[in-house]
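The structure appears below as structure tokens.
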Amino acid sequence: METTVGQLGALYAIWLREVKRALRDRGQLVGGLSRPILWVILLGIGLNPYFRGEVYGETRFVIPYTYLQFIFPAVIVLNILYTSVQSAVSVIWDREFGFLREILVSPMPRPLILFGKVLGGATVAMVHGSLVLALARFADVSLVWSDVLYGLGLMFLLSFAMTCFGVIIANHIRSFEGFGVFSNAVILPLYFTSSSVFPLDPALTRAQALVVYPEWLVTLVQINPLTYAVDALRGTFIHFHQFPPMLGPIIIAAMAVGFFIVAMLNFRRS
Amino acid sequence: MHGVDSVRPASGKISDAIVRVKGLSKRYGRTLALDDVSLEIRPNELFALLGPNGAGKTTLIHILCTILAPDSGAVALAGFDVVKQPRMARRHLGVVFQEPSVDDRLTVFENLNFHGLIYQVPAATRRKRIDELLALVELEDWRHALVRSLSSGMKRRVEIARALIHDSAVLILDEPTTGLDAQSRERIWAYLMRLRKERALTIIVTTHYIEEVEGCDRICVIDRGHILAIDTPASLKAAHGRELIRAVPDDTTVADAIRASYPAAMAGSDGTIVIEANGDVAAEAFLKKFGGRVRRLSIDSPSLESVFLSLTGRELRDQPAGKRERTYAFGRRGGEHTK
Numbered sequence: 314m315e316t317t318v319g320q321l322g323a324l325y326a327i328w329l330r331e332v333k334r335a336l337r338d339r340g341q342l343v344g345g346l347s348r349p350i351l352w353v354i355l356l357g358i359g360l361n362p363y364f365r366g367e368v369y370g371e372t373r374f375v376i377p378y379t380y381l382q383f384i385f386p387a388v389i390v391l392n393i394l395y396t397s398v399q400s401a402v403s404v405i406w407d408r409e410f411g412f413l414r415e416i417l418v419s420p421m422p423r424p425l426i427l428f429g430k431v432l433g434g435a436t437v438a439m440v441h442g443s444l445v446l447a448l449a450r451f452a453d454v455s456l457v458w459s460d461v462l463y464g465l466g467l468m469f470l471l472s473f474a475m476t477c478f479g480v481i482i483a484n485h486i487r488s489f490e491g492f493g494v495f496s497n498a499v500i501l502p503l504y505f506t507s508s509s510v511f512p513l514d515p516a517l518t519r520a521q522a523l524v525v526y527p528e529w530l531v532t533l534v535q536i537n538p539l540t541y542a543v544d545a546l547r548g549t550f551i552h553f554h555q556f557p558p559m560l561g562p563i564i565i566a567a568m569a570v571g572f573f574i575v576a577m578l579n580f581r582r583s
Numbered sequence: 554m555h556g557v558d559s560v561r562p563a564s565g566k567i568s569d570a571i572v573r574v575k576g577l578s579k580r581y582g583r584t585l586a587l588d589d590v591s592l593e594i595r596p597n598e599l600f601a602l603l604g605p606n607g608a609g610k611t612t613l614i615h616i617l618c619t620i621l622a623p624d625s626g627a628v629a630l631a632g633f634d635v636v637k638q639p640r641m642a643r644r645h646l647g648v649v650f651q652e653p654s655v656d657d658r659l660t661v662f663e664n665l666n667f668h669g670l671i672y673q674v675p676a677a678t679r680r681k682r683i684d685e686l687l688a689l690v691e692l693e694d695w696r697h698a699l700v701r702s703l704s705s706g707m708k709r710r711v712e713i714a715r716a717l718i719h720d721s722a723v724l725i726l727d728e729p730t731t732g733l734d735a736q737s738r739e740r741i742w743a744y745l746m747r748l749r750k751e752r753a754l755t756i757i758v759t760t761h762y763i764e765e766v767e768g769c770d771r772i773c774v775i776d777r778g779h780i781l782a783i784d785t786p787a788s789l790k791a792a793h794g795r796e797l798i799r800a801v802p803d804d805t806t807v808a809d810a811i812r813a814s815y816p817a818a819m820a821g822s823d824g825t826i827v828i829e830a831n832g833d834v835a836a837e838a839f840l841k842k843f844g845g846r847v848r849r850l851s852i853d854s855p856s857l858e859s860v861f862l863s864l865t866g867r868e869l870r871d872q873p874a875g876k877r878e879r880t881y882a883f884g885r886r887g888g889e890h891t892k
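Same order as they appear, the protein sequences are chains A and B.
Each residue of the first sequence is one higher than the last, beginning at 314 in the numbering used here.
Each residue of the second sequence is one higher than the last, beginning at 554 in the numbering used here.
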């Protein structure tokens with residue numbers, strides 16, 4: 314009975330359920346489509362002309378890219394962030410509406426249940442993230458196949474990490490209402506301090522950066538792990554890094570492993 | 554058919570007991586939900602747990618289902634200890650919980666197939682059993698309907714079908730008929746009776762509808778965490794059944810007078826006074842004394858109702874919905890944030 318094939322089948326069942334539920338939820342799809350349009354087309358095009366500084370009376374771009382190009386990878390992260398954390402709502406849903414019991418009285422080991430759920434949520438989040446790629450030509454970002462494939466890999470890993478993060482939040486929230494408020498209160502600050510909408514000019518030293526920005530903001534940006542995720546995707550899609558190129562993928566992978574372990578410890582207890 | 558033949562017999566007193574509960578206790582805060590409960594259930598038995606809300610039935614069921622750990626005592630299910638070998642015990646267990654636990658965004662088939670996959674039922678067997686069980690609960694036409702479009706009775710039938718897709722030797726149903734209309738309740742019992750004929754299966758069912766347990770093999774009356782009696786319906790009636798006089802007095806003075814003459818009188822629902830009366834003489838004496846001063850009067854012959862009354866000193870009654878039920882009702886009405 315205890316076969317690897319059987320366990321894979323069980324894992325597939327849990328993954329498939331998450332994906333099907335997400336596909337049948339129109340609201341989630343609408344959010345996944347409208348968010349990138351709002352951020353890339355409206356905010357991006359609107360702020361595009363102001364994304365430059367003046368040095369000795371000479372106009373220059375802070376970084377050698379337009380604002381649209383600059384925020385394009387960050388919007389991918391934003392879409393992933395929202396969808397992953399939202400997919401954790403299904404954890405609350407299952408708990409409140411009894412389906413969790415159906416899974417818990419099955420002979421499936423607990424870690425495998427969680428792994429299946431997170432894989433499902435991560436798949437949906439990655440797909441939502443890749444929806445942003447459809448806007449690449451509006452943002453003047455040229456996509457190369459090899460970049461896209463590597464980018465999808467990073468996006469999946471990030472989606473996995475963020476879904477685990479959502480599950481950790483969901484484990485501490487008792488109601489649907491609470492989750493909505495809490496997730497916004499977590500997502501937006503994380504997003505804004507991830508160097509997503511404004512760059513820490515890499516040409517400036519830390520001392521110079523502190524003249525431009527207050528110290529607390531620079532510190533927040535630097536300790537936010539999402540900063541490095543955004544940086545990794547920027548490196549992939551527009552070949553621009555503010556930090557050492559290897560730092561991004563390493564931090565994404567570390568988040569995926571770390572958050573999964575914490576989520577599993579939480580899940581076991583509940 | 555499949556079922557008990559794959560189960561190792563457990564060692565112990567009744568060599569063929571499929572469920573063995575020994576000295577089980579569970580405490581929630583200061584309330585003792587189960588107090589040193591022991592019982593044994595034989596293979597292929599239809600076993601009913603009867604008790605009012607809060608009697609400890611659901612606590613006992615949750616421990617049997619391996620989702621709640623007991624404070625002390627042991628439970629062996631199909632020979633496996635539910636605390637030490639929960640995953641082995643779960644393989645032989647089919648559960649229908651009190652609250653609905655189907656995924657209403659999936660179709661009937663998807664719910665059943667999901668269950669088959671997580672219980673690792675091979676593909677061919679899975680397909681065959683889904684067909685058989687959908688036929689049993691008469692839902693073939695709803696195979697590809699989303700579960701949210703079904704009535705609560707139909708959802709319950711999906712859950713019963715689902716609990717039998719794997720090799721379950723013990724089927725546990727926690728209040729399967731609560732909240733259903735009379736017709737759906739009857740149908741669910743009809744399916745259970747048919748199942749017993751078609752497949753080797755032990756069924757444990759909890760209920761607080763006393764009329765439902767007449768057809769069971771054995772009944773366990775449970776109240777406040779204690780087992781009061783375990784026996785066949787016939788023996789319970791013979792041992793504890795009394796003739797009961799139920800009277801609704803005209804006013805409180807009459808009620809007080811009745812209570813004064815019958816100190817053992819019990820309070821029934823809606824102001825009814827219930828008196829145990831053994832034989833026609835006692836009934837006649839009551840009629841002579843109070844016959845003209847009561848609004849309503851009935852004399853019940855020994856029934857499970859009277860068994861329950863004489864064991865617990867109170868009647869089984871529906872209680873107002875708890876917080877959780879209200880939340881579900883809110884969700885069903887399309888309440889905010891629940892979709």
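In this text, a Cβ means the ideal position worked out from N, Cα and C, and glycines have one as well.
Interface flag, residue i vs chain B, CB-CB below 8 Å
| i | result |
| --- | --- |
| A:I416 | yes |
| A:W458 | no |
| A:A326 | yes |
| A:P424 | no |
| A:M577 | no |
| A:A323 | yes |
| A:P558 | no |
| A:K333 | yes |
| A:M421 | yes |
| A:G345 | no |
| A:R330 | yes |
| A:R337 | yes |
| A:G434 | no |
Pick from the options that is closest to residue i, judged by C-alpha positions
| i | options | result |
| --- | --- | --- |
| B:V572 | B:G866, B:R701, B:G632 | B:G632 |
| B:R640 | A:A387, A:Q382, A:Y380, A:M421 | A:M421 |
| A:V499 | A:M475, A:M577, A:P558 | A:M475 |
| A:D460 | A:L342, A:Q535, A:V332, A:P386 | A:P386 |
| B:P675 | A:G319, A:F580, A:I574, A:R582 | A:G319 |
| A:G493 | A:R334, A:H552, A:W406, A:S509 | A:W406 |
| A:A452 | A:W529, A:F383, A:M577 | A:F383 |
| A:M559 | A:L467, A:S472, A:R487, A:F505 | A:L467 |
| A:S443 | A:I416, A:I393, A:V398 | A:I393 |
Cβ-based neighbour list, residue i, same chain, cut-off 6 Å, excluding 5 preceding and 5 following
| i | result |
| --- | --- |
| B:D776 | G604, A608, T865 |
| B:A800 | I826, V847, L850 |
| B:V635 | T619, V628, A642 |
| B:S737 | G706 |
Residue burial classification, residue i (beta-carbon count within 10 angstroms, cutoff 16)
| i | result |
| --- | --- |
| B:I772 | buried |
| B:A813 | exposed |
| B:T806 | exposed |
| A:N537 | buried |
| B:Y672 | buried |
| B:E764 | exposed |
| A:Y378 | buried |
| A:G429 | buried |
| A:V418 | buried |
| A:Y395 | buried |
| A:N484 | buried |
| A:M577 | buried |
| A:D544 | buried |
| B:A743 | exposed |
| B:K681 | exposed |
Cross-chain neighbours of residue i in chain E, by beta carbon under 7 Å
| i | result |
| --- | --- |
| A:G411 | Given the protein chain composition of this structure (A and B), no chain E is represented. |
Min CB distance residue i to chain A below 8 Å
| i | result |
| --- | --- |
| B:L717 | no |
| B:F667 | yes |
| B:R658 | yes |
| B:I671 | yes |
| B:L646 | yes |
| B:R640 | yes |
| B:I571 | no |
| B:R849 | no |
| B:R771 | no |
| B:R643 | yes |
Close beta carbons around residue i, own chain, < 7 Å, minus the five adjacent residues each side
| i | result |
| --- | --- |
| B:D558 | Legend: pLDDT at B:D558 = 41, less than 50; position of this residue unreliable, value from coordinates given subsequently. Nothing listed; no residue qualifies. |
Practice task
Determine which residues of the stretch 609-627 of chain B have a Cβ less than 7 Å from any Cβ of chain A, and write them out in chain order.
Solution key: C618, T619, I620
Practice task
Taking only beta carbons into account, state which residues of the stretch 476-495 of chain A come closer than 8 Å to chain B, listed in chain order.
Solution key: Taken in chain order, the members of the stretch 476-495 of chain A whose beta-carbon sits within less than 8 Å of a beta-carbon on chain B are S488, F489, E490, G493.
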